[in-house]
Amino acid sequence: MAFSQETIDQAWRRAGGKCECTLKNCGHTGRCNKVLDPRNSTLGKKWYAHHVVSQDAGGSDGLDNCLILCVGCHENTGSYGG
Ligand SMILES: [Zn+2]
Ligand SMILES: [Zn+2]
265 MAFSQETIDQ AWRRAGGKCE CTLKNCGHTG RCNKVLDPRN STLGKKWYAH HVVSQDAGGS
325 DGLDNCLILC VGCHENTGSY GG
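In the working numbering, the protein residues as written are 265 to 346.
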């Protein structure tokens, strides 16, 4: 499963259009807060709706499991592609 567009929209609004990543292995301190382009597209993705708990591990498609991440941060997650 993937997030519904509604969930992604809600997560986007919660994120304020900025990367929500708080991973320590990215190099940023605290939250990334990179400003993201709202005009995301499947070609040339600018940000990702990321599953915090991967679907393989039983993660849900709910808003609480959805993080808006910039491309660089998404590559730093352990479940890249999820
Ligand atoms: Zn980021
Ligand atoms: Zn990050």
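Note that CB positions come from ideal geometry on N, CA and C, so glycine has one too. The model shown is predicted, which means the values in this text are computed figures rather than measured ones.
query: Proximity test, LYS298 beta-carbon vs ligand 1 heavy atom, cut-off 6 Å; result: yes
query: Span separating the alpha-carbon of HIS292 from that of LEU331; result: 16 Å
query: Heavy atom of ligand 1 within 6 Å of CYS334 beta-carbon; result: yes
query: Exposure label - GLU270; buried when at least 16 CB within 10 Å; result: exposed
query: Exposure label - LEU307; buried when at least 16 CB within 10 Å; result: exposed
query: Within 7 Å, strictly: CB atoms of MET265 and ASP325; result: yes
query: Closest by C-alpha distance to ASP273, when choosing among GLN319, GLY294, ASN304; result: ASN304
query: Exposure label - GLU339; buried when at least 16 CB within 10 Å; result: exposed
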